[in-house]
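Shown next as structure tokens:
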């Protein structure tokens with residue numbers, strides 16, 4: 001008993017107990033990493049070691065795929081140049097001048113248009129847009145060329161009197177045009193998208209595949225400085241929904257892209273119609289696209305494989321004139337008897 005009691009006393013002296021627990025270190029908010037990772041802009045450097053012989057889509061990083069996409073789109077824009085959009089479809093309906101004149105008569109003269117709120121100078125304590133705790137700077141890409149309610153065609157879209165598909169595609173392509181080139185470059189725009197809404201390697205490769213199909217293979221719409229931003233925005237959004245199980249919220253994606261939520265939805269639908277809803281891609285297609293992106297002369301090879309037919313200008317035939325809306329009305333007016341001449345004194 002005595003030996004055991006002495007042994008217990010030695011252990012108690014070696015491991016003294018404290019009455020109060022150890023206090024943790026004080027918090028340091030400036031050094032706290034937080035739950036979300038740091039939002040940093042990626043770099044476009046580091047494509048020298050990636051070639052068409054050694055590229056592997058299962059090992060290719062998302063930032064590297066984004067760099068290849070950015071370089072390819074910039075080359076395509078330089079080759080295409082500034083091509084204006086298709087003029088809007090105009091209907092032969094009655095002029096709205098009468099309705100506007102009645103509206104002016106009913107409107108009081110002292111009513112003025114309310115002034116827009118000055119959002120550049122915000123009072124302290126007002127709401128500042130942010131994403132994951134980072135202050136977000138809005139970068140709009142300009143007003144669209146086409147109106148939201150602009151008609152696609154003045155005649156029937158399907159049926160015997162339907163217009164050719166290229167006319168309908170031209171009207172759809174107007175949705176992607178801005179009135180003037182946006183003040184942000186393609187490189188900065190893509191880097192901004194990846195900074196706040198990063199996507200996978202497959203999404204960037206599929207976006208390049210979609211744009212190559214529309215602009216080079218099928219020649220549905222040209223890629224110009226005025227439509228490349230909205231085209232990339234819609235293409236990335238559709239590719240993300242087609243390939244990924246999860247996608248960024250609609251409001252966040254539209255805010256980062258510089259458009260409204262309603263316009264982003266219209267751009268998605270328009271892009272799907274231009275693609276004829278053929279959005280399926282597999283690993284072999286993405287691998288071929290990655291190998292093509294690694295070649296600097298990829299558009300030279302593609303353009304040589306496509307037989308470009310010369311443009312033929314001709315007058316519409318008599319059958320096409322009769323098929324146009326309003327032809328019967330003009331024909332009936334031409335057959336009416338003329339008024340008799342009245343001789344005065």
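Residue numbers (UniProt numbering): 1 to 345. For glycine and all other residues, C-beta sits at the position ideal for the given N, C-alpha and C. Only a predicted model underlies this, so the values are computations on that prediction, with no experimental measurement involved.
key: DSSP-derived helix/strand/coil call for residue 19   = The residue given as residue 19 occupies position 19 in the chain shown. Reduced to three states, the DSSP call for residue 19 is coil.
Residue range of the unbroken alpha helix (DSSP H) whose run includes residue 224 = For the purposes of this step, residue 224 is taken as the residue at position 224 of the chain shown. That residue, residue 224, is in no alpha helix (DSSP H); it is neither H nor E in DSSP.
ask   = Among 217, 193, 20 and 229, which has the Cα closest to the Cα of residue 175?
value = In the chain shown, residue 175 corresponds to position 175, counting from 1. Ranking 217, 193, 20 and 229 by Cα distance to residue 175 puts 229 first.
request  = Have a look at 234, 182, 81 and 244 and flag the residue whose alpha-carbon is nearest the alpha-carbon of residue 223.
outcome  = As a position in the chain shown, residue 223 is number 223, starting the count at 1. Taking only the C-alpha atoms, the option nearest residue 223 is 81.
key: residue 54, buried or exposed, once every other Cβ within 10 Å from all chains shown has been counted against 16   = Here residue 54 corresponds to residue number 54 of the chain shown, with the count starting at 1. The residue is exposed, with fewer than 16 neighbouring Cβ atoms inside 10 Å.
request  = Tell me whether residue 178 sits in a helix, a strand or coil according to DSSP, three-state version.
outcome  = The residue labelled residue 178 in the question sits at position 178 within the chain shown. Three-state DSSP puts residue 178 in a strand.
ask   = Does the pairing of the stretch 232-245 with the stretch 201-219 give three or more beta-carbon distances under 8 Å?
value = yes
query = Cβ of residue 256 within 8 Å of Cβ of residue 193?
reply = Taking the first residue of the chain shown as 1, we reach residue 256 at position 256. Taking the first residue of the chain shown as 1, we reach residue 193 at position 193. Cβ distance < 8 Å, so residue 256 and residue 193 count as in contact.
inquiry  = Give the list of continuous alpha helix (DSSP H) stretches no shorter than 4 residues that lie fully inside the stretch 197-267.
reply    = 201-212, 228-243 and 250-257
query = Out of 246, 218, 173 and 215, which has the shortest C-alpha to C-alpha gap to residue 197?
reply = Position 197 of the chain shown, counted from the first residue, corresponds to residue 197. Of the candidates 246, 218, 173 and 215, the one whose C-alpha sits nearest the C-alpha of residue 197 is 246.
message = Considering only their Cβ atoms, is the gap separating residue 239 from residue 290 smaller than 8 Å?
response = The residue labelled residue 290 in the question sits at position 290 within the chain shown. The residue labelled residue 239 in the question sits at position 239 within the chain shown. It is not a contact, given that the beta carbons lie outside the stated cut-off.
task = Have a look at residue 243 and residue 173 and give me their C-alpha separation to the nearest angstrom.
result = Along the chain shown, read from residue 1 onward, the residue named residue 243 stands at position 243. Along the chain shown, read from residue 1 onward, the residue named residue 173 stands at position 173. Distance between the alpha carbons of residue 243 and residue 173: 24 Å.
task = Would you give the residue range spanned by the alpha helix (DSSP H) that residue 80 belongs to?
result = Taking the chain shown and counting its residues from 1, the one referred to as residue 80 is at position 80. From DSSP, the alpha helix (DSSP H) with residue 80 extends over 62-80.
message = Taking 8 Å as the threshold (C-beta atoms), are residue 201 and residue 70 in contact?
response = Looking up residue 70 in the chain shown gives position 70. Looking up residue 201 in the chain shown gives position 201. Not a contact, by the Cβ cut-off of 8 Å.
query = Going straight from the alpha carbon of residue 292 to that of residue 266, what length do you get?
reply = As a working note, residue 292 is residue 292 in the chain shown. As a working note, residue 266 is residue 266 in the chain shown. Using only the alpha carbons, I get a separation of about 30 Å.
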